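Engineer: Below are the structure tokens for one structure; questions will follow.
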Amino acid sequence: MLILDFIMTPIHGDTVVEEIRKFNKDLYILLLTGHKDLAPPLETIRRLDIQGYCEKSDKQDQLLLLIESGVKSISQMNMIKDINDELKDTYDQLEKAYMESIQTLRYTVEAKDAYTRGHSDRVSEYSVLIGKKLGLQDGDIKLLQIGGLFHDIGKIGVPDSILLKEAKLTDDEYSQIKNHPSIGAHILSNATIFADIIPIVKHHHEKYDGTGYPGRLKGEDIPYLARIAAIADTFDAMTSVRPYRKALPLDIVKEEFRKYSGTQFDPEIAKVFLEILETNYEQIKEIQEKYPS
Ligand SMILES: [Fe+2]
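At position 115 of the sequence shown the residue is numbered 551 (the working numbering), and the sequence of numbers has no breaks.
As structure tokens, this is what we get:
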């Protein structure tokens with residue numbers, strides 16, 4: 437608690453408080469005035485968050501009461517702050533525990549499907565790269581990062597016999613693979629902290645012309661972040677090494693993105709992604725080296 441006079445030389449109390457408030461917003465401040473006509477305007481008291489002021493007099497009762505109520509306020513504020521800190525710690529621990537359990541689920545999918553290993557990490561990082569190039573806010577970048585990590589989590593619900601089959605899939609098997617976005621969305625729907633990434637998980641296989649799955653959503657009906665993840669996902673499918681084929685050369689990849697811009701891909705995002713491939717390719721390579729396929 438700080439008690440200071442309003443009229444002082446060489447600088448007045450409000451100027452002192454102004455300086456203090458630049459680095460300490462919490463300090464409890466009481467201002468004393470010699471005479472009520474010399475009191476600072478109410479607007480100044482509010483603006484500087486001064487908790488109280490009183491006129492100096494021979495009797496100290498008023499000042500004493502102000503100090504006593506200030507001391508009570510400070511102790512209550514400290515108590516609230518402690519409770520808030522504790523709540524935040526508990527929330528952080530819960531979030532961490534949930535994140536870890538979903539992470540474990542992700543590793544389970546990746547353990548049974550070698551291709552998915554590293555794929556989610558790369559999709560996550562490519563999505564972030566595109567999001568940053570598009571100038572998205574930090575909150576959306578975070579969603580792209582987490583959404584990328586968990587976009588294929590629903591593969592846990594696809595039988596291994598289908599997921600790992602190397603021969604051509606039957607129509608029925610293919611339709612079971614196509615369930616993975618909805619299964620993933622369902623798994624994550626149990627936790628509110630994942631609510632915002634569900635659109636990415638559920639719609640990363642939609643195509644801009646409405647021929648994708650599961651919703652056959654078209655154009656801007658497809659959630660924006662899912663349109664970004666779809667490009668990152670397809671790029672990784674083209675450029676990662678599979679048992680039956682090598683990675684596609686960069687020229688072909690660019691050609692594909694140009695060719696399917698506006699049909700499979702959002703044309704604006706595809707354009708930005710092509711710019712990344714032209715001018716920031718070293719960042720793509722860094723990601724590929726960090727998580728080799
Ligand atoms: Fe997928």
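A virtual CB, placed ideally from N, CA and C, is assigned to each residue, including glycine. Only a predicted model underlies this, so the values are computations on that prediction, with no experimental measurement involved.
Sorry if obvious, but does the Cβ on ASP588 come closer than 6 angstroms to a heavy atom of ligand 1?
Structural biologist: Position 152 of the sequence shown, counting from 1, holds the residue named residue 588. Indeed, a heavy atom of ligand 1 lies less than 6 angstroms from the Cβ.
Engineer: Are at least three pairs of beta-carbons, each pair with one atom in the stretch 551-562 and one in the stretch 572-584, less than 8 angstroms apart?
Structural biologist: Segments in contact, yes.
Engineer: If contact is defined by three or more beta carbon pairs under 8 angstroms, each pair taking one atom from either stretch, is the stretch 447-467 in contact with the stretch 480-495?
Structural biologist: Yes: at least three Cβ pairs fall under 8 angstroms.
Engineer: Would you call the stretch 664-677 and the stretch 530-539 touching, i.e. three or more CB-CB distances under 8 angstroms?
Structural biologist: Segments in contact, no.
Engineer: Is PHE709 closer than 7 angstroms to ILE577 when the C-beta atoms are compared?
Structural biologist: In the sequence shown, residue 577 corresponds to position 141, counting from 1. In the sequence shown, residue 709 corresponds to position 273, counting from 1. Not closer than 7 angstroms, so no.
Engineer: Taking GLU725 as the reference, give the member of LEU600, LEU661, HIS555, LEU599 with the closest Cα.
Structural biologist: Along the sequence shown, read from residue 1 onward, the residue named residue 725 stands at position 289. It is HIS555.
Engineer: What does the alpha-carbon distance come out to for the pair ILE510 and ASP632?
Structural biologist: Stepping through the sequence shown from its first residue, residue 510 is reached at position 74. Stepping through the sequence shown from its first residue, residue 632 is reached at position 196. Spanning the two alpha carbons is a distance of roughly 38 angstroms.
Engineer: Are the CB atoms of LEU466 and GLY488 nearer to each other than 7 angstroms?
Structural biologist: As a first step, residue 466 must be located in the sequence shown, where it is residue number 30. As a first step, residue 488 must be located in the sequence shown, where it is residue number 52. Yes.
Engineer: Tell me the DSSP secondary structure of ARG652 in three-state form.
Structural biologist: The residue you call residue 652 lines up with position 216 of the sequence shown. Coil, per DSSP.
Engineer: Go through its chain and collect everything with a Cβ distance to LEU684's Cβ below 7 angstroms, but skip five positions before and after it.
Structural biologist: Position 248 of the sequence shown, counting from 1, holds the residue named residue 684. The residues are MET674, THR675.
Engineer: Suppose you measure from the CA of GLY698 to the CA of GLY655; what does that come to, to the nearest Å?
Structural biologist: The sequence position of residue 698 within the sequence shown is 262, counting from 1. The sequence position of residue 655 within the sequence shown is 219, counting from 1. Rounded to whole angstroms, GLY698 to GLY655 spans 9 angstroms at the Cα level.
Engineer: Looking at the secondary structure, which residues open and close the beta strand (DSSP E) in which GLY488 lies?
Structural biologist: If you number the sequence shown from 1, residue 488 lands on position 52. Taken as a continuous stretch (DSSP letters only), the beta strand (DSSP E) holding GLY488 covers 488-491.
Engineer: Check whether the stretch 584-595 and the stretch 541-552 touch, using three or more Cβ-Cβ pairs below 8 angstroms as the test.
Structural biologist: Verdict: yes, contact present.
Engineer: Excluding sequence positions up to five away, which residues of its chain have a Cβ less than 8 angstroms from the Cβ of THR552?
Structural biologist: Translated into the one-based positions of the sequence shown, residue 552 becomes position 116. Excluding sequence neighbours, THR552 sits near VAL545, GLU546, ASP588, LYS591.
Engineer: Have a look at ILE447 and LYS524 and give me their C-alpha separation to the nearest angstrom.
Structural biologist: For the purposes of this step, residue 447 is taken as the residue at position 11 of the sequence shown. For the purposes of this step, residue 524 is taken as the residue at position 88 of the sequence shown. So the two alpha carbons sit approximately 41 angstroms from each other.
Engineer: Of all the options LEU500, TYR527, ASP485, which has the alpha carbon lying nearest to the alpha carbon of GLU491?
Structural biologist: Here residue 491 corresponds to residue number 55 of the sequence shown, with the count starting at 1. Out of LEU500, TYR527, ASP485, LEU500 has the C-alpha closest to the C-alpha of GLU491.
Engineer: Could you have a look at LEU697 and say whether DSSP puts it in helix, strand or coil?
Structural biologist: Along the sequence shown, read from residue 1 onward, the residue named residue 697 stands at position 261. The amino acid at residue 697 is misidentified as Leu; the sequence shows Ser. SER697 falls in the strand class under three-state DSSP.
Engineer: On a CA-only basis, which of HIS616, GLN573, ALA603, GLU602 is nearest VAL594? Give me that one, please.
Structural biologist: Numbered from 1 along the sequence shown, position 158 holds the residue referred to as residue 594. Of the candidates HIS616, GLN573, ALA603, GLU602, the one whose C-alpha sits nearest the C-alpha of VAL594 is HIS616.
Engineer: Suppose you measure from the CA of MET444 to the CA of LYS569; what does that come to, to the nearest Å?
Structural biologist: Here the question's residue 444 lines up with position 8 in the sequence shown. Here the question's residue 569 lines up with position 133 in the sequence shown. If I take the Cα positions, the gap works out to 54 angstroms.
Engineer: State the beta-bridge partners of ASP441 as determined by DSSP.
Structural biologist: Within the sequence shown, residue 441 is the residue found at index 5, counting from 1. DSSP lists LEU468 as partners of ASP441.
Engineer: Suppose only complete runs of 4+ residues qualify. What are the alpha helix (DSSP H) ranges in the stretch 599-679, listed by chain order?
Structural biologist: Complete alpha helix (DSSP H) runs here, min 4: 607-613, 616-624, 634-639, 660-675.
Engineer: Could you tell me which of LYS458, SER493, VAL507, ILE629 sits nearest to LEU468, measuring between CA atoms?
Structural biologist: Reading the sequence shown from its first residue, position 32 is the one you call residue 468. The residue with the shortest Cα to Cα distance from LEU468 is SER493.
Engineer: Excluding the 5 residues preceding and the 5 following ARG663 in the sequence, name in chain order all residues of the same chain whose CB lies nearer than 6 angstroms to its CB.
Structural biologist: As a position in the sequence shown, residue 663 is number 227, starting the count at 1. Excluding positions up to five away in sequence, the list reads ASP702, ILE705.
Engineer: Within the same chain, show all residues whose beta-carbon is closer than 7 angstroms to that of ASP497, passing over the 5 residues directly before and after it, in chain order.
Structural biologist: Within the sequence shown, numbered from 1, the residue matching residue 497 stands at position 61. Answer for ASP497: no residue qualifies.
Engineer: Among residues of its own chain, excluding the 5 on either side of LEU661, which ones have a beta-carbon nearer than 7 angstroms to its beta-carbon?
Structural biologist: By one-based count along the sequence shown, residue 661 stands at place 225. Excluding sequence neighbours, LEU661 sits near ASP576, LEU579, LEU580, GLY583, PRO635, ILE636.
Engineer: Can you give the Cα-Cα distance for LYS614 and PRO650, rounded to whole angstroms?
Structural biologist: Along the sequence shown, one-based indexing puts residue 614 at 178. Along the sequence shown, one-based indexing puts residue 650 at 214. Those two C-alpha atoms are separated by around 7 angstroms.
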